[in-house]
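Protein chains: 2
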Amino acid sequence: MMDTILNLGLNDQTVKTLEARSNNPRFAYDCYRRFIQMYGNVVLEVPKPDFDDVFDGQKKKAKAKLDTELTAEDLKQVIAGYKKLIEKKTGKPFPQDAMDQLQGARDAVFGSWFNARAIHYRKMNQIPDDLGTAVNVQAMVFGNLGETSATGVGFTRNPATGEKAFYGEFLENAQGEDVVSGVRTPRPFSELLKWNPAVYNQLRENTTMLEKHYRDIQDFEFTVQDGKLYMLQTRNGKRTGPAAVRIAVEMVSEGLISKQEAILRVDPQQLDQLLHPVLDPASKKSLAKLATGLPASPGAAVGTIVFTADDAVEKAKLAPVILVRKETVPDDIHGMEVAKGILTSRGGMTSHAAVVCRGMGTPCVAGAEGITVDEHKKEVGVTAGGKALILKEGDWLSLDGSTGEVFGGKANTLDADPSSGVLKSFMEWADEFRGKFGVRANADIPRDAKAARRFGAEGIGLCRTEHMFFAEDRIPHMQAMILARDEKTRRKALAKLLPMQRRDFAGLFEAMNGFPVVIRTLDPPLHEFLPKREDLMVDNAILPYADIKKKRELAATYQRFGAEVKNLKTVLAGLLKRVEELHEFNPMLGHRGCRLGITYPEITEMQARAVFEAVVQVAKKGVKVIPEVMIPLIGGVKEFENQKKIVVQVAEEVLGKAGRKDLKYLVGTMIEIPRAALTAGDVAKEADFFSFGTNDLTQTTMGLSRDDYTKFQKDYEDRKIFANDPFAVLDQEGVGQLVKMAVERGRKSNPKLEIGICGEHGGEPSSVQFCYRVGMDYVSCSPYRVPIARLAAAQAAISGDKSETQRTA
Amino acid sequence: MMDTILNLGLNDQTVKTLEARSNNPRFAYDCYRRFIQMYGNVVLEVPKPDFDDVFDGQKKKAKAKLDTELTAEDLKQVIAGYKKLIEKKTGKPFPQDAMDQLQGARDAVFGSWFNARAIHYRKMNQIPDDLGTAVNVQAMVFGNLGETSATGVGFTRNPATGEKAFYGEFLENAQGEDVVSGVRTPRPFSELLKWNPAVYNQLRENTTMLEKHYRDIQDFEFTVQDGKLYMLQTRNGKRTGPAAVRIAVEMVSEGLISKQEAILRVDPQQLDQLLHPVLDPASKKSLAKLATGLPASPGAAVGTIVFTADDAVEKAKLAPVILVRKETVPDDIHGMEVAKGILTSRGGMTSHAAVVCRGMGTPCVAGAEGITVDEHKKEVGVTAGGKALILKEGDWLSLDGSTGEVFGGKANTLDADPSSGVLKSFMEWADEFRGKFGVRANADIPRDAKAARRFGAEGIGLCRTEHMFFAEDRIPHMQAMILARDEKTRRKALAKLLPMQRRDFAGLFEAMNGFPVVIRTLDPPLHEFLPKREDLMVDNAILPYADIKKKRELAATYQRFGAEVKNLKTVLAGLLKRVEELHEFNPMLGHRGCRLGITYPEITEMQARAVFEAVVQVAKKGVKVIPEVMIPLIGGVKEFENQKKIVVQVAEEVLGKAGRKDLKYLVGTMIEIPRAALTAGDVAKEADFFSFGTNDLTQTTMGLSRDDYTKFQKDYEDRKIFANDPFAVLDQEGVGQLVKMAVERGRKSNPKLEIGICGEHGGEPSSVQFCYRVGMDYVSCSPYRVPIARLAAAQAAISGDKSETQRTA
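Residue numbers (the working numbering), protein chains in the order written: chain F, 430 to 1238; chain H, 430 to 1238.
Okay, here's the thing in structure tokens:
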């Protein structure tokens, strides 16, 4: 259990030899000091703070700020203090005999197997108690015994690019610490060849052998003592995403590893680095870092600041823009579409901004709590180097959506190459192993659908039809529909939306020729399409005091609702009244999803009509259309039956009228509230497919609002209450139980049931593997995560622990 | 399957005989008309609307508004039309031969067993297909064959009071319909004795025999034809709550039924009628009904209207008050406490007003959507007899919380007698059968705890500590705690709350001497204790325009936060800032419950200290104290462990310091979010008890906010999507699965685990029976529902299907 390396054998005698040989008395005594401290602490169990007291006391005495300012003489004082401390605490002097030291260390290691922490650790990790531990005893070598000695570190391949090149650094007359500390500048391997060709060649030979043995890139350390090479350590090297893919692919062609191994070698998350442009590291160094938020959507973005969606549209015509908001709302969508990147001061990894940006592949830094956004003044307050600073509209900003960093000024970006030859073959292998397990994309508009296809998506797993309603030409009709007081007026407004929605669907079907398209009926609560209640309350309250300028401003704001200066009072009061009626305490648990379609069947009817009219229209062109209509937020079979009936009625009518009853379609449902999972057996008797909405399923199963969780996320993560952000990584222990249950019960009562996932988790590797294991047919995620999901699925397939609960047809 | 009674045998011939004998030609032809219609519809399957067309046509022709205005001649026309219709539809004339009629009817009854509706019904109700149906053929008698004939209905006991009295009405020379239609006024049985003593005595003898046979109160119908008594029908009689109890108890003493049967005879819901005062039915008839809302908390309330909690406190000193609000909030608690009743225009059966009122036993009508409340103008708009009406502060109002009716003016009320001798013995029997299965009450203050004891509660199952913080002397400290920017300031405010909270707990412990008291740590989100965000936004927005009067008003409103006219801007802006920080999108799923105690451990610490200091203090007086500290809203064992550690630390310290380590206590948790139920096995390893918070468990399992559900509740109930309001009756199919799972997993890993329920369902009979069946130890409900729960539990025990999952110690 104790994996400390103790360099034994130093004592009052040997330290003098070391001092003489190394020509560096400070180094010798610092080695001795460190050794005594570590031995005292680990073997003799003297608390570390006691040693620190001695050391800090000496620093104070010597008026040294840095440890390195202590001279050899100072260190001798420290050593004396350490020895006194040990004698006081243990009753015995620090052992001078190397054999005594060795026995003490050996026994301490063996003894550590039985300490409370180790026993607890084994219990937690289910490691058997009788496994035992080992002690390695090995002679020490020194790289600092003069000009024929040296030390160094290296890699068998370039860990940044993956290029097969012998790569590393060394320092003559030095120990490992000198390389790491940065006091001296190490020299590249090209110079090692000149310094000692024999050593160079032997090192190259050794490490090539090690790489062959371990069948992976090696990260090694070595020391040369008096011209003789000693290998100190070797391990598999850490690498970047691009390097991981290149190394894996090249090792297959070198015959070192199998394709399966290559697939398992790359962390799916790392693929992200190959799919987005990145900020030039040089730029990052030269610019001032203004804040760090959550890395909500990866990639680099550089542009000028705008504060509103309308400004974004306007200014984007002249220069790239970064939209800076407290938080984004669906109403901002037109601004988000033109922005190069989004920065918000509120919201988490699954806030509106984050979700939408990941879907669009737009970089986003969310919840940057260090900044203060004033959307009215069009200012953002930041801190640079401890100083408060105000940025205004038009100032340049650079975002790193992969790290959450925000920089002032204009950085350079480096493009990624997603279709590079190496990545292409790698993904082809992944798809080979993944087999029938599908990867679809969440996409709402034809543009996203096309991107999804480019990334290898095999269909659309979630089209959120409401996103279409936020577009500028549609929202007035949507609002008219919501403000309608009777079905007739509602139907009139819906009739205007029908051709637009039909056009959208037709675009998706064309892009997905031959692949399925899952279309979800209207999901969000209706008040999301209207002005905010609190804004209306404020505007109503100040109206009696407003001067003509303010009135004109208000009239402009509410123009869409027929507001003019003279009728402001009536319009605002009427709007507020309707918004108050629609106001909800917990909108996430409110009048939304299928509940809307049950109250207003005409909405579902219009959407179904748009779907099937688009189906007929596109099929006429010879495109293969596979529509799957999905009902959201059901809690049991009765809600599903209610909505399915409407969809089937419309489908039969539209297809019948067109003489295309040959066209097949599915009607299925989201499983996104616990009750739907618990009653999945009944639901599956009626549903053609399930799609797990794990965002909402996580919210309801954990009783946790993803928008509000950010408030105490830190408290929970610091205390290790959640191992991961449950909105990023599926909570297999809790939410996963319901998913598993629903899959099993659903398949049991309907063996043909098609099952997938369309929550954010559908693009997270460990969650994708979970989905594979429980027997789903596919995952669906944002287009830019499709390759990640393809890889994760392939890895799950290779690991080979697929569930018994398989679809039978 | 067909339970229609067909009076066969009438034809063109016999109708003339009937006409002659009954001296009422209109009656004879109306009988014939009805018979043809029913026979035509049921046996010959001619749709009823077709008959209606004929009938309505004749009414139009005769210019008759009421059916009874049609003469015998008119009815002959109708009969002719019916016959023509039947011949047209079936190709055959209406059968005149009685044997033909009988065979047709017999075959229709047997045939009905196989129609689609019957097959579906059997499938739904799991009735075997081979059971078959029966046909009764019986001679017809007539009560309208002159002065020696009569007809009547009666009860063997008084169905309103339960008194053992022969009770009924009759009419001479009449048929059943004449009694029911109200055209003639029936005569009491006392006159039947005079009219025909032999019939009276025989009827009395017959019905006494029937009551003995069926061992229950009989509701019977009879006819006397030419002085001879015929019994037409008998069935068990419907009865009021008080009657049900009295009949059950008296039948036991009469030796008619066993105690078990007596217990099963009373619908637990009916007990409610014995526990609250009721509006005098005479008053209800004389006053104008203004609205009908939800019967949110039973009982009658009469008082003068007030619109704010402060006004309630003020005006209640002079006259009884009814608090009328759009919705109540925790801040209204002081007004709710003094009000005789509460009326709200928004919110459902589990809205704040409803829950609090049921807890306090205050009548409440909630969600009366027909009224419009203007709290600023202090007016409520209602509709009386189709006319709009404005009521103002001080106007009298009468509420029936058991029916949801709202009357204008001052009604009389009738007191209930909960300690009546009959009820007392009845409840004693119930408790006998209930055995060890406990019934506790939800109570937050000593007054409620005392009421709970009176109603037979065996402990407090839920004390919501936050309710204590809303009291006027406490909320300023609570607010100071929330506004604090650091732990030190927070602790200072908490220190002021400590003695108050300790006093409250001491009061509860004293009231519950020897019974357990479950105390829940702080649960609601902190913003509930501060002014509403939207109010602050409005006040901030209008501040620049406010004149001195308005400023003084605002200063008064925010006085508690140190507001004066001169510093209004700073105070309001500061408050808004903090409220914005605390603002949540879905407060139900936000920073509340144990999540607060995890972020601010000092709150849990203070509450634990108050609990255990009160324990020591009360125990000193010789009172037996059984404290159970309950952690709300956990999603897994880690949150519980975190909070338990704090509670145990404080408990050990306080009890240790007092030398009272002998005092025992439990630390347990609510199971109110699905993840807690799913991981109950792990949680139970650490928890001493579970208490199901089925309000929140229903909200999360169904993804349904109870406050927002009211918006579409009607749509869901009309379409039979939910069989019951899931917040009133536990959803056994969905939520129940999680409850059962948690009980089983909890008991498996901790056989000593104490398990109860403290959600609203703990007082709903079918839910109580569910709790009994799954093996809980107790239910807890509002004090006034304790007798209902005791009875429901007794019934479950007698039905005898208790689960295997029992507590072992």
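Cβ atoms here follow ideal geometry from the backbone N, Cα and C, with glycine treated the same way. Predicted model, so just to flag it, every value in this text is computed and none were measured.
To the nearest angstrom, how far is the alpha carbon of residue i from that of residue j?
{"i": "ALA1238/H", "j": "PRO1180/H", "result": "Low local confidence applies: a pLDDT of 48 at ALA1238/H is under 50, so the model's placement there is unreliable, with the coordinate-based value given in what follows. ALA1238/H and PRO1180/H: Cα-Cα distance of roughly 7 Å."}
{"i": "PRO454/F", "j": "THR497/F", "result": "13 Å"}
{"i": "LYS746/H", "j": "GLN1166/F", "result": "57 Å"}
{"i": "ALA1222/F", "j": "HIS906/H", "result": "55 Å"}
{"i": "PRO1103/H", "j": "LEU1133/H", "result": "13 Å"}
{"i": "ARG1021/F", "j": "HIS1012/F", "result": "12 Å"}
{"i": "MET431/H", "j": "TRP542/H", "result": "Bear in mind that a pLDDT of 43 at MET431/H, under 50, signals an unreliable position, so the number given afterwards is only what the model happens to contain. Whole-angstrom Cα-Cα distance: 8 Å."}
{"i": "LYS688/F", "j": "ALA673/F", "result": "14 Å"}
{"i": "ILE1032/H", "j": "ALA748/H", "result": "40 Å"}
{"i": "GLU1233/H", "j": "ARG1176/H", "result": "Confidence is the limiting factor: at GLU1233/H the pLDDT is only 49, short of 50, which leaves the residue's position unreliable, though a coordinate-based value still follows. Rounded to the nearest angstrom, the two C-alpha atoms are 11 Å apart."}
{"i": "ALA1116/H", "j": "ILE1184/H", "result": "11 Å"}
{"i": "GLY776/H", "j": "LEU723/H", "result": "9 Å"}
{"i": "VAL472/F", "j": "LYS657/F", "result": "32 Å"}
Which chain H residues sit within Cβ distance under 7 Å of residue i?
{"i": "LEU772/F", "result": "Ordered by position in chain H, no residue passes the 7 Å Cβ test against LEU772/F, which lies about 19 Å from the chain."}
{"i": "ARG1148/F", "result": "ILE1027, ASN1071"}
{"i": "ILE1102/F", "result": "MET1131, GLY1132"}
{"i": "GLY1019/F", "result": "SER1134, ASP1137"}
Select from the options the residue whose C-alpha is nearest the C-alpha of residue i.
{"i": "TRP624/F", "options": "LYS1093/F, GLY581/F, LYS489/F, ALA1171/F", "result": "GLY581/F"}
{"i": "GLN1078/H", "options": "GLU1034/H, ILE1063/H, MET1017/H, GLY1065/H", "result": "GLU1034/H"}
{"i": "GLN698/F", "options": "GLY1191/F, ASP1206/F, VAL1203/F, PHE651/F", "result": "GLY1191/F"}
{"i": "THR637/F", "options": "LEU1182/F, LEU912/F, ALA547/F, MET680/F", "result": "MET680/F"}
{"i": "LEU1242/F", "options": "PHE595/F, LYS1086/F, PHE480/F", "result": "This structure leaves residue 1242/F out entirely; chain F is present only between 430 and 1238."}
{"i": "ALA817/F", "options": "ASP824/F, VAL809/F, TYR1029/F", "result": "VAL809/F"}
{"i": "MET569/H", "options": "ASP761/H, ARG613/H, PHE938/H, GLN662/H", "result": "GLN662/H"}
{"i": "LYS839/F", "options": "THR733/F, GLN604/F, GLN908/F, PRO588/F", "result": "THR733/F"}
Residue i versus chain F: which residues are under 9 Å apart at the beta carbon?
{"i": "ILE977/H", "result": "Going along chain F, no residue has its Cβ under 9 Å from ILE977/H, so there is no contact; the nearest lies around 15 Å."}
{"i": "VAL967/H", "result": "GLU963, MET966, VAL967, ASN969, ALA970, ILE971"}
Can you list, in chain order, the residues of its chain with a C-beta nearer than 6 Å to that of residue i? Leave out the 5 residues immediately preceding and following it.
{"i": "ALA677/H", "result": "ALA691, ARG694, VAL695"}
{"i": "GLY510/H", "result": "VAL483"}
Under 8 Å Cβ to Cβ from residue i, same chain only, skipping five residues before and after it: list those, please.
{"i": "ASP526/H", "result": "ASN440"}
Residues of chain F with CB closer than 8 Å to the CB of residue i, please, in chain order.
{"i": "ASP1125/H", "result": "GLY1132"}
{"i": "MET1099/H", "result": "What MET1099/H touches in chain F: nothing, since even the nearest Cβ is about 11 Å away."}
{"i": "LEU1062/H", "result": "GLY1132"}
{"i": "THR577/H", "result": "What THR577/H touches in chain F: nothing, since even the nearest Cβ is about 57 Å away."}
For residue i, which residues in the same chain have their Cβ closer than 7 Å to its Cβ, ignoring the five residues on either side in sequence?
{"i": "VAL1040/H", "result": "PHE934, ILE948, PRO1056, VAL1058"}
Identify the contact partners of residue i in chain H, using a Cβ-Cβ distance below 9 Å as the criterion.
{"i": "LYS1177/F", "result": "By Cβ distance, chain H contributes nothing, its closest Cβ being about 16 Å from LYS1177/F, past 9 Å."}
Run through chain H and tell me which residues come within less than 8 Å of residue i, C-beta to C-beta.
{"i": "ASP481/F", "result": "Those within 8 Å of ASP481/F in chain H number zero; the least Cβ separation is about 27 Å."}
So with CB distances below 7 Å, who are the chain F contacts of residue i?
{"i": "PRO953/H", "result": "Within chain F, no residue comes near PRO953/H; the closest Cβ sits about 12 Å away, beyond 7 Å."}
Return no unless some Cβ of chain B is closer than 9 Å to the Cβ of residue i.
{"i": "PHE736/F", "result": "Absent from the structure is chain B; the protein chains it does hold are F and H."}
At a Cβ cut of 7 Å, what residues of the segment 998-1015 of chain F count as close to chain H, listed as they run along the chain?
Of all residues in the segment 998-1015 of chain F, GLU1013, PHE1014, ASN1015 have a Cβ within less than 7 Å of some Cβ in chain H.
Chain F contacts made by the segment 785-815 of chain H, where a contact means CB separation under 9 Å
Result list empty, no residue passes.
Listed in chain order, which residues of the segment 1161-1186 of chain F have Cβ atoms closer than 8 Å to some Cβ of chain H?
Listed by position, the residues of the segment 1161-1186 of chain F near chain H (Cβ gap below 8 Å) are GLU1162, GLY1163, VAL1164, GLN1166, LEU1167.
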